[in-house]
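Q:
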Amino acid sequence: MFTAPLAAAFQIGGRMFRYRARQGGSHGGLDEALDIVEPRGIIVLKSTIANRGEYNLNNFVLQEVTLIGPGCGPFDVALAALDQGSIDVAPLIAREEPLQNGILAMQKAAKRGIMKVLILME
13 MFTAPLAAAF QIGGRMFRYR ARQGGSHGGL DEALDIVEPR GIIVLKSTIA NRGEYNLNNF
73 VLQEVTLIGP GCGPFDVALA ALDQGSIDVA PLIAREEPLQ NGILAMQKAA KRGIMKVLIL
133 ME
């Protein structure tokens with residue numbers, strides 16, 4: 013069973029996308045992106061993959077697909093914006109845990125849909 017974007021791609025001719033941005037923390041999402049990007053296409057990986065196990069990169073080589081990650085940008089500008097309060101990060105924080113609950117915090121952070129879990133150094 014295909015997800016909606018993949019099903020749509022196959023309905024209109026299969027591999028036809030020159031660029032594909034992929035966000036999600038699983039190998040399955042990367043496989044899906046590879047299925048619909050054209051040979052010599054580009055996949056932009058927008059997040060890390062939670063499972064750091066082995067991944068077969070042969071199809072990237074065979075199809076000459078470029079995999080790139082986004083740059084993080086200038087940290088000094090970002091830190092200044094945070095310091096000035098011009099960015100509201102509260103909606104991104106799912107949970108706060110004290111350092112002694114660090115393992116619990118990491119388990120919560122690994123769950124699907126969780127953006128950020130803060131570990132408080134008290």
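If you use our numbering, the sequence shown corresponds to residues 13 to 134, in order. Where a beta carbon is used, it is the ideal one built from N, C-alpha and C, also for glycine.
Just the C-alpha distance for residue 121 and residue 70, rounded to the nearest angstrom, thanks.
A: Near 31 angstroms, if we compare the C-alpha coordinates of residue 70 and residue 121.
Q: When you compare each of 41, 126, 95 to residue 107 by their alpha carbons, which one comes out closest?
A: 126
Q: Please report the residue range of the beta strand (DSSP E) in which residue 65 lies.
A: Here residue 65 belongs to no beta strand (DSSP E), and DSSP marks it neither H nor E.
Q: Check residue 105 in the structure and name its three-state DSSP category.
A: Residue 105 falls in the strand class under three-state DSSP.
Q: How long is the line joining the alpha carbons of residue 102 and residue 74, rounded to whole angstroms?
A: 43 angstroms
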